[in-house]
Amino acid sequence: MLNNMTDGEEGEGGPDRQGDGLPKESSPFINSSAASNVDKSQQYDGKTMALFEEEMDTSPMVSSLLSSLANYSNLPTGSKEHEEAENNEEGARPTKKPIKAPQLGTLMGVYLPCIQNIFGVILFLRMTWMVGVGGVFGSFIIVFMCCSTTMLTAISMSAIATNGVVPAGGSYYMISRSLGPEFGGAVGICFYLGTTFAGAMYILGCIEILLIYIIPQAAIFKIEGLEGPEAEEALLNNMRVYGTIVLSFMSLVVFVGVKYVNKLALVFLACVILSIVAVYAGVIKTAIDPPVFPVCLLGNRTVMSKGYDICAKVIDIDNETVTTKLWRTFCDSDSLNATCDEYFNNNNVTEIQGIPGVTSGILAENLFGNYLEKGMFLEKRGIVSEEDPDSPPAGSNRYVLADITSFFTLLVGIYFPSVTGIMAGSNRSGDLRDAQKSIPIGTIAAITTTSIVYMSSVILFGACIEGVVLRDKFGEGVNGNLVIGTLAWPSPWVIVFGSFFSTCGAGLQSLTGAPRLLQAISRDGIIPFLRVFGHGKANGEPTWALLLTGSICEIGILIASLDAVAPILSMFFLMCYMFVNLACALQTLLRTPNWRPRFKFYHWALSFLGMSLCLSLMFICSWYYAMVAMGIATCIYKYIEFCGAEKEWGDGIRGISLSAARFALMRLEEGPPHTKNWRPQILVLVSVDAEQNIEQPRLLSLTNQLKAGKGLTIVGTSVQGTFLNNFTEAQRADQSLRKLMETEKVKGFSQVVISSNLRDGTSHLIQVGGLGGLKHNTVMVSWPRNWKQPECHEQFRNFIEVVRETTVASMALLVPKNIASYPSNGERFTEGHIDVWWIVHDGGMLMLLPFLLRQHKVWRKCKMRIFTVAQMDDNSIQMKKDLITFLYHLRIDAVVEVVEMHDGDISAYTYEKTLVMEQRSQILKQMHLTKNEKEREIQSITDISRGSIRRKNPSALRSQPSADEGASVAEQTEDQSVAVSNPKQVQLIHSKNPSTPASPTSPTSPTAPAGGPTIWTDNKGAEKGRSPSEGNQEVAKDLFNMKPEWENLSQVDVRRMHTAMRLNEVIMKKSKEAKLVLLNMPGPPKNRVGNENYMEFLEVLTEGLNRVLLVRGGGREVITIYS
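Everything in the sequence shown is counted per our numbering, starting at 11 for the first residue and increasing by one.
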């Protein structure tokens, strides 16, 4: 009988349940409140243990721990407690009645319950028929396969059951704690359905015995006079009506009190044992004095016993030939001249002995199978009959016919339920004195006993009973007797009544156990919609679960055919046993430290063999039933995975995940991923406020849209302080990260680092994020807001350090600006463009990111446009053709546009803006003013141009060779693209000094070179030799003498400001209405002097744009045209 796992939601462990409904499984170990109930003076008596006083709240003394372990009990709130609760309802008791320790041993607790559950209706109603149809040899194979399957399953189950305490719940508990809640819930439901349909099968067997063998007259739908399908339908209708009545009665008995079922259990067991003993006694008697059970044959066909009184056509009475009842059955009148059936006329009537005895040698005739089609005659082998193929078919009410089409796999499906029930002992583990000793011994002994009985029965039935009698399923040829009953001694009624009561008892046991299994699953909380079935009466009786069980059982009753219901429950039991074997095999192969079974006679190969047998038998029995059962289990598995409560039970699937993860990580270590497999593995750097809440939640929205659940995502933040003092804040920050990731549906990991300052914490995240080969290759960080404010200076300095570190680490960098304006995951763009400004080659990041974004439903309807820049010497038409071809090979759909940007003069506004930038930097460094004062000071710096001059030589302002060969590719933007300023808006700078040696407009001015790579600050190193434009430096110096405040400006900063402004003008003109602009991000300055200028350049570059994603490549190709 299946008992439920726990009654209360909280126990000794209080609310700290670990998901399985058990309060830390009544743990007597550390942090158990049971230990805290003991007086501390008893735990740390005297001063001898004063050294451990600080830990007395969390670590009990060994003496109290051992005492708790010795008194540990985990009684299930099953039938025993329900019975006690019902008895206690008679009067209130002021004191709690002490619970007695379980006293059941191996014999009463495991062996006999297993015997009772294994022996059942199939043995009495279908075993002889199976031997007759399948033959002794085929039936023995079926029995051996099924018994081997249960024996191997019992070995695996014994290993699991002896690996620690198994509370009530039986196989469900073992599977769920070994394979996890998903497998446990799926198999638990299958086991529940199997037990429920087993109840229906036992009830149908009970009704079959009642209506066919005990009281045929009780049939509501009369079968007499009906033939073929009509008679079959009448029988099924009788089964449905009486089955529903019996099911209602049994459900009422279980509802009133399970104690009555328990009291009758021994009676039912006695009936089973008595019936089997009677069969063996009958076999022995056949060797001495075979019983008289004549069978009448016409030709080689078996005649129904109700169709004759004497097995002869005519008899002589007083020298007069008189026709018999058999004659009248086959002829149209009593006279000898009557017209008779052609087959009746051509064949003689013979009477054979139905049970010739074990010494008769009939075994050789029954050795091989005799499978029949539905409606075929039961014919005896070895007898020749004359049959006219042209004669009309004989009436079906004269001969014994096959009621169903039989074949080998059908026999397997019908027989397998007779070997189920091996879990009865493990289901009672809470009632056993020593479960770890009793379960293996009792279960294996019970399976051995029943297997011997089944295998010997196959041989003995084939050796004692005539083949046509064996194939006579309902005993129609032996006066309606139960075939196995004809063999029993002293009377067939022993078997009839014994099997009737045993099937009744088995049905009650199923209706008692199935609701408790469902209640155990419901109280675990892993399947949300089943939680209502965890409730019941005040004493814990599962009322709602019983109601559902009765309803499902009624489905089996309405099927009405025992042969149709048996394969259904075979599927569910086989699936359950298969996962028991899988659980044992996995635990053995994974070698988890907690896997220490007391039962040592197991091996993973035996478990895999048992699992393979179960899977094979499922498809042998019925492939379509197997698919349905597996489909149900799969649906429940996925439902629990997506909707069920998360449980951590230390299951084997977690162990498999760890092993697989370790294997995969070791494989990733073998080398970097191929370009085809490259995808952004993103580290998202977020900041938290004083309450540990995320300040930029839209970063995770963008991450989700970019990742679509693929690849690695790490969301990291840093907490300032020390690990000892700020661990609680770090935990709160981690919870905030996890909660936001769940809200934004970002699949990944959270990581919080505690550091003395936020700069180091961010650096640590970049350095140590990920594990082994599964590391991030891309960093996403938000643009620092209000970076111009003095109180935010530390923020933008940290930002620039992140840019530097990602460059050194060869990681890609994504910087979304105006992140608050980015769409959430619930928004949808119905139209618009994603514009890519491809200035420098970054390995293909700018191509890949829009493609990934457009996979998400937010950006799916946006079109992609790619802009690239053509310089003076470039062929823009050819560039466009090449780019279109390149995108075609990349399989990316986009509109291509080439923007021509020629060299232009630097405007006065550029100089003034550069001057403002540098003066602001100096002022904010030297003055410690209030915020308002700083703003007034900055506003006092005018940007009004007071004149215009034209440069003497553009090369003097544009080309400054760098001593640093490692300049970032992003810094080359000024040489690859220069914006053309609007001549109407540009006020050229004219010379105020007429004595200038040469004018920039002079036709003799040398042409500016193409320009090499530059750095963000003036090169302080000595140049090796003078450039051809050495004289132009003097020209520039004279130029700046004419405006003193421009004289000290960095020429590099002026040119970069010029590039940023012109490029911004073009981007604003082309992409102002775009939904998103992706842009190459220039590299940071080599030293930290120009940090403020770098931020100003980026600000000018992106000014006026709503959503900008600045992108820096990681120094490797991330997209390829090859397959």
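Ideal placement from N, C-alpha and C gives every residue a C-beta, glycine not left out. Small disclaimer: the values here were computed from a predicted structure and weren't measured.
Roughly how far, in whole angstroms, is the beta-carbon of residue i from the beta-carbon of residue j, given that I think they are within contact range, below 8 angstroms?
i	j	result
P525	T559	5 angstroms
G452	Y121	4 angstroms
G842	I1129	With 8 angstroms as the limit, G842 and I1129 do not qualify as a contact, their Cβ atoms being about 23 angstroms apart.
M790	L893	Not really, about 27 angstroms apart at Cβ, beyond 8 angstroms.
L189	A593	5 angstroms
K890	V908	5 angstroms
T496	P301	7 angstroms
T163	Y464	T163 to Y464, Cβ: 16 angstroms. No contact.
N703	S746	6 angstroms
A229	L221	6 angstroms
T339	K323	10 angstroms between Cβ atoms; not a contact.
P502	L518	About 25 angstroms separates the two Cβ atoms, so there is no contact after all.
Are there 16 or more other CB atoms within 10 angstroms of the CB of residue i, so buried, or fewer, so exposed?
i	result
C645	exposed
W633	exposed
G1124	buried
A671	exposed
D482	buried
P552	buried
D974	Its pLDDT being 38, under 50, D974 is placed unreliably by the model, and nothing is read from it.
C653	exposed
W847	buried
N376	buried
T1069	buried
R606	exposed
I132	buried
K143	The residue asked about is misnamed: residue 143 is Val in this sequence, not Lys. That one is buried.
P800	exposed
V542	exposed
A374	exposed
L596	buried
A700	exposed
M637	exposed
Less than 8 angstroms between the C-beta atoms of residue i and residue j, yes or no?
i	j	result
A819	T788	no
L863	I849	no
V271	T430	no
I432	C124	yes
E192	E651	yes
G779	I724	yes
F207	V575	yes
E396	N356	yes
V1187	V762	Any question about residue 1187 goes unanswered here, given that the chain covers just 11 to 1133.
G119	G364	no
Q691	S792	no
Hey, could you find the ends of the beta strand (DSSP E) residue i is sitting in?
i	result
T349	Unbroken run through T349: none, as it is neither H nor E.
G144	It is not in any beta strand (DSSP E) - G144 instead sits in the alpha helix (DSSP H) that spans M137 to A171.
M588	No beta strand (DSSP E) contains M588, which is instead part of the alpha helix (DSSP H) from L572 to L600.
L695	I692 to L695
K1082	Neither: K1082 is in no beta strand (DSSP E) and is coded neither H nor E.
Check for me: the alpha helix (DSSP H) holding residue i runs from which residue to which?
i	result
M751	F733 to E754
I128	L122 to I128
P191	P191 to E218
H843	H843 -> not in any alpha helix (DSSP H); beta strand (DSSP E) instead, spanning H843 to W848.
G472	A445 to C474
N1101	N1101 to L1111
G508	P502 to D534
P826	Careful: P826 lies outside any alpha helix (DSSP H), inside the beta strand (DSSP E) at A822 to K827.
V478	G477 to L480
Following a CB-centred definition, is residue i positioned closer than 7 angstroms to any heavy atom of the ligand ZN?
i	result
A643	Looking for the ligand ZN in the displayed structure turns up nothing, as the structure carries no ligands at all.
If we require 4 or more residues per run, which alpha helix (DSSP H) segments fall completely within the stretch 220 to 301? 238 to 266 and 268 to 298
Taking only runs of the beta strand (DSSP E) that begin and end inside the stretch 756 to 798, which ones reach a length of at least 3 residues, in chain order? Counting only unbroken stretches of 3 or more residues, the beta strand (DSSP E) elements lying wholly within the stretch 756 to 798 are 759 to 765 and 788 to 791, in sequence order.
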